[in-house]
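**Q** Before I ask anything, let me first share the structure, which is written out below as structure tokens.
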Amino acid sequence: MLAGIKNLFLRQFENKVAVDHINFSIQEGEFVGFIGPNGAGKTTTIKMLSGIIHPTEGAISVMGYIPHRLEHGFKKNFSITMGQKNQLWWDLPAIDSFQLIKEIYEITEPDYTRTLQELTELLEVQSILNTPLRNLSLGERMKFELIGAFLHGPKVLFLDEPTIGLDVSSRRRIRDFLKYINVEKKVTVILTSHYLEDIEELCNRIIAISHGKIIYDGSLSDITTGELPINDIFESLFNK
Amino acid sequence: MRKYVQVLKLNLQTSLAYKGNFIFTSLMDVFRVIAEIAFWKVLFDNAQGRKINGYNFNSIITYYIFMFIIASFTNVGSIGYKVANEIKDGALNNLLVRPIHYFGYYFTETLSQKLLNLLIALLMFIPVIVFRFGDLQAEIPAAQFCLLPVVVLCSLILSFLINILISLFVFWMTEVASLFLLKDILLDLASGRVFPLDLFPGPLLNAFSVLPFMYCTYFPAVMITKGLSAEALYRGLWIQLVWILVLYGLIKIIWRMGLKKYTGTGA
Amino acid sequence: MRYVRLYRIFIEQSLMKMAAYKINFGLVFVTNAAFFSVQLIFMHLVFTNVDTLAGWTKYEMFFYIGTFNIIDSLWTFGPFFNLLAIPGMIRSGALDYYITKPVNSQFLISLRNVDPGSLISALTGVILITFALIQGGMELTFGKAVLYVVSIFHALMIQYSVYFILTCSSFWLVKADFVDSIHGILCYFSTRPVDIYKGFIRFILSYVLPYGLALTVASKAVVKTIHFAEYTLFLILSWSIFAVSVGVWRFSLKHYSSASS
């Protein structure tokens, strides 16, 4: 039981209910996509899963930890990236930011070197490791963000809009990368995205959220009949 | 002329939106006066009733109170930043094509902001003045009173011109933030905002009196507090006017030099 | 210790960043020297009229001002710019990244950026206190030096904690500009030893927002005699306020609602 959420209920500042009695559990190795319109509660759910926000009621368990206790043991085993918000130093090359990450997560030297080499080869970014981040394109920066997120070998990855604003080929590269770490490294990935190709290609399960409630939880193939394009299926889902 | 009045009205409205900011700044000034009062009280206690450079306790706190009120009107540090940033960012282009004179526009904007600032400062200081009314000591002769607004207005113009002149250095420098900070520190000292300038020994004070800086804040403040002889007053006013002309001329020259160098970068 | 290693990396990386931006150190030095020169000039003029001021002689006062400079420089070296950035991080949601790292988040957010240029400013302070000690014929024993260094550290801790607690208000208010203004006023009051003030003001500066006490104790430890009770009280006060800051941080995070996506 990797992540179980029971009856989550979160009130926000103006008493708007962000997430309303959500209930699901995710097994290790799954690749789950959260979809839904803006303001549906996807990001709020991810923030609760990563311990950033406390739920008003209910119980959450991720890898056996209660996320909002924010124990170091928990934090060492997951990663989160949020859209275009940078974690890495803007003015320095990625390699320097990675040094800091190495120290923060207490990654051993051999693990660090090995993982770094593997990931930079995978995303083909070795040549720009020493270029300051501000001189890189959005796609290149995002690739480094993902490498940075994975350097310490987390078991769970939360990705909030990882491909937003990127061009088609960058998105493809990143999707291949995510597929690789999910399948080969058995990393559980929870993803939100507005791009349907991301959901289609990567996720074996989708959870659709609307107005804070789950309106569908299951595999993608179960709702695609092969006749209607995915867009229409999702549209009808959310218009109910 | 009419367009300047329009700008003034428009800016007064926008300035009102910032009134919270002004109130807060003036409140901070009130606290500063309190700090100075405490300090000078101890100083005069230790001086055993002697006067210090012609000030006693009452006249010194009068100085600080009126200095802060006047300074709220004449302290125009922010305009320098604004001009410098516009030149750096290339936003200058927008204003150069307008028919209104660039600095005239800014002066009107400054004037409206500062008037509001002054008003709020006066309001904030009323409780202080009332509280300490018995202690205050103002020596200004009634006859000079009507000249006070003229002096203060000239102080504002001087302060404005000095700040603009320094901000024009941005045509030749890349990093101006530190320069401005240095300018603020030195200007504070030279215009009497740290302590009244006649604390300086005679020769030094005379040297200062031919420079424009002390006429930004110190001059009107000491006019109210210690009072000036008619001769000293007219001399000071005359020096103010001379410097206004000199600085205006300098600005025009440097402005032209700067514009030649200006290639519209950053646009 | 792990946090020492981390801080070393912060310093290294901030130095690298500085190299990228080519800050004019000379100008920083001059500006800082100018500010304290103004204070010194004022004090010099004051002391042509009196011999002591609330029990402080001219060179003791110079020492005090130099100490103020040193503490202020260390303040901008370490926590200041980080704390200044906190409201912005809360608004943008960048704070989320700090919370989810397996490092103490208060440490990370308070000390991540380092301003090496401030060490130059600290140099003016060191020069000044040396000058004051020599000119004033004051002796510096090893014991006094130790007390001095320890009290500087605790003075910083007090400044940090007060500022940090006030900054945490930005979790609930949108802007926290008033914090820097309060800090500015406290510094203004604290350019003179707290002995100058009486009654209510002195109480606030000593026990509520104890900048005044912090700075005064540090100087007293060297140029005057300091009583065991006063020094110990100062240390206890410093750690207490720090503990409050830790509590406030934990409380704020618990009720954090994070920027919307």
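Protein chains in written order, with full-length UniProt numbering: chain X, 1 to 240; chain G, 1 to 267; chain V, 1 to 261.
C-beta: ideal position from N, C-alpha, C; glycine also.
Could you confirm whether any beta carbon from chain G is found closer than 8 angstroms to the beta carbon of residue 304/V?
**A** Summary: the structure shown does not reach residue 304/V, with chain V confined to residues 1 through 261, and so no result is reported for it.
**Q** Within 10 Å of its beta-carbon, does Leu-259/G have 16 or more other beta-carbons around it, so buried, or fewer, so exposed?
**A** That one is exposed.
**Q** Which residues share a DSSP beta bridge with Met-82/X?
**A** Answer by DSSP bridge pairing, in chain order: Asp-160/X.
**Q** My parser needs the beta strand (DSSP E) runs of 3 or more residues fully inside the segment 167-228 of chain V; what are they?
**A** With a minimum length of 3 residues, no continuous beta strand (DSSP E) run stays inside the segment 167-228 of chain V.
**Q** So, with DSSP's three-state summary, where would you put Pro-93/X?
**A** Of the three classes helix, strand and coil, the one that applies to Pro-93/X here is strand, per DSSP.
**Q** Cα-Cα, which of Glu-103/X, Gly-33/X, Glu-28/X, Ser-25/X is closest to Asp-160/X?
**A** Here the closest residue by C-alpha is Gly-33/X.
**Q** For the segment 186-202 of chain G and the segment 108-120 of chain G, state whether three or more C-beta atom pairs, one from each stretch, are separated by less than 8 angstroms.
**A** Segments in contact, no.
**Q** Starting from Tyr-112/X, find everything on chain V with Cβ-Cβ shorter than 9 angstroms and list it in chain order.
**A** The premise fails here: Tyr-112/X is roughly 14 angstroms from chain V at the closest Cβ pair, so nothing lies under 9 angstroms.
**Q** Could you tell me whether the Cβ atoms of Tyr-211/V and Leu-111/V are closer together than 8 angstroms?
**A** No.
**Q** Who are the Cβ neighbours of Ala-121/G in its own chain at under 6 angstroms, not counting the five residues just before and after it?
**A** Closer than 6 angstroms at the Cβ level, and outside the excluded window around Ala-121/G, lie Ser-26, Ile-69, Ser-72.
**Q** I'd like to know if the segment 210-221 of chain G and the segment 128-138 of chain G are in contact, where contact means that at least 3 CB-CB pairs between them fall below 8 angstroms.
**A** The segment 210-221 of chain G is not in contact with the segment 128-138 of chain G.
**Q** Report yes or no: do the segment 65-85 of chain V and the segment 152-166 of chain V share at least 3 C-beta pairs separated by less than 8 angstroms?
**A** Yes, the segment 65-85 of chain V touches the segment 152-166 of chain V.
**Q** If I follow the unbroken alpha helix (DSSP H) through Asn-58/G, where does it start and stop?
**A** It spans 57-74 - the alpha helix (DSSP H) in which Asn-58/G sits, taken as one unbroken run.
**Q** Please report whether the beta-carbon of residue 287/V lies at a distance below 8 angstroms from any beta-carbon of chain G.
**A** Nothing can be reported for residue 287/V, as the shown portion of chain V is limited to 1 through 261.
**Q** Could you tell me if Asp-198/X is buried or exposed, where buried requires 16 or more neighbouring beta carbons within 10 angstroms of its beta carbon?
**A** With 16 or more Cβ atoms within 10 Å of its Cβ, Asp-198/X is classed as buried.
**Q** Give the interface partners of Tyr-256/V over in chain X, defined as CB-CB distance under 9 angstroms, in chain order.
**A** Residues of chain X passing the Cβ test: Ile-52, Ile-53, His-54.
**Q** In this structure, does DSSP put Thr-57/V in helix, strand or coil?
**A** In the structure shown, Thr-57/V sits in a strand (DSSP, three-state: E or B).
**Q** How about the segment 66-76 of chain V and the segment 110-125 of chain V: do they share at least three Cβ pairs that are nearer than 8 angstroms?
**A** A contact exists between the segment 66-76 of chain V and the segment 110-125 of chain V.
**Q** With burial defined as no fewer than 16 other Cβ atoms inside 10 Å of the residue's Cβ, what is the status of Thr-120/X: buried or exposed?
**A** It is buried - the Cβ of Thr-120/X has at least 16 other Cβ atoms within 10 Å.
**Q** I'd like the list of long-range same chain contacts for Lys-224/V, defined as Cβ closer than 6 angstroms, with 5 residues on each side in sequence excluded.
**A** Excluding positions up to five away in sequence, the list is empty.
**Q** Which value, in whole angstroms, describes the spacing of the CA atoms of Val-179/V and Cys-168/V?
**A** Going from the Cα of Val-179/V to the Cα of Cys-168/V covers about 10 angstroms.
**Q** So, using beta-carbon positions, are Thr-81/X and Pro-162/X closer together than 8 angstroms?
**A** Yes, the pair counts as a contact, with Cβ atoms nearer than the cut-off.
**Q** On the three-state DSSP scale, how would you describe Val-130/G?
**A** Note: Val-130/G maps to helix in three-state DSSP.
**Q** Assign Val-210/G to one of three DSSP states: helix, strand, or coil.
**A** In this structure, Val-210/G counts as coil in the three-state DSSP scheme.
**Q** Closer than 8 angstroms between beta carbons: that is the criterion. Which residues of the segment 181-215 of chain G meet it against chain V?
**A** Listed in sequence order: Leu-181, Leu-182, Ile-185, Leu-186, Asp-188, Leu-189, Val-194, Phe-195, Leu-199, Phe-200.
**Q** Counting C-beta neighbours from all protein chains within 10 Å, is the total for Arg-5/V 16 or more, i.e. buried, or is it exposed?
**A** With fewer than 16 Cβ atoms within 10 Å of its Cβ, Arg-5/V is classed as exposed.
**Q** Between the alpha carbons of Arg-141/X and Ala-19/V, how many angstroms are there, rounded?
**A** In a straight line, the C-alpha of Arg-141/X is about 22 angstroms away from that of Ala-19/V.
**Q** On the three-pair Cβ rule with 8 angstroms, is the segment 122-141 of chain X touching the segment 81-100 of chain X?
**A** Flag = yes, the segment 122-141 of chain X and the segment 81-100 of chain X touch.
**Q** Which word fits Gly-192/G, buried or exposed, when buried means at least 16 other C-beta atoms lie within 10 angstroms of its C-beta?
**A** Classification for Gly-192/G: buried.
**Q** Give me, in chain order, the residues of the same chain whose beta-carbon lies closer than 6 angstroms to that of Tyr-64/G; leave out the 5 immediate sequence neighbours on both sides.
**A** Result list for Tyr-64/G: Val-33, Glu-36, in chain order.
**Q** Which of the three DSSP states, helix, strand or coil, is assigned to Lys-143/X?
**A** Helix, per DSSP.
**Q** Select from Asp-222/X, Lys-76/X, Asn-204/X, Gly-139/X the residue whose C-alpha is nearest the C-alpha of Lys-102/X.
**A** Checked all of Asp-222/X, Lys-76/X, Asn-204/X, Gly-139/X; the closest Cα to Lys-102/X is Lys-76/X.
**Q** If you follow the alpha helix (DSSP H) that Ser-210/X is in, where does it begin and where does it stop?
**A** Where Ser-210/X is concerned, there is no enclosing alpha helix (DSSP H), although the beta strand (DSSP E) it sits in stretches over 205-210.
**Q** How about the segment 55-66 of chain X and the segment 223-243 of chain G: do they share at least three Cβ pairs that are nearer than 8 angstroms?
**A** Because the criterion of three Cβ pairs below 8 angstroms is not met, the segment 55-66 of chain X and the segment 223-243 of chain G do not touch.
**Q** Can you grab the Cα-Cα spacing for the pair His-68/X / Asp-115/V, in whole Å?
**A** Their backbone Cα atoms lie some 33 angstroms apart in a straight line.
**Q** What does the Cβ neighbour count give for His-194/X, buried or exposed, with the cut at 16 atoms within 10 Å?
**A** Result: exposed.
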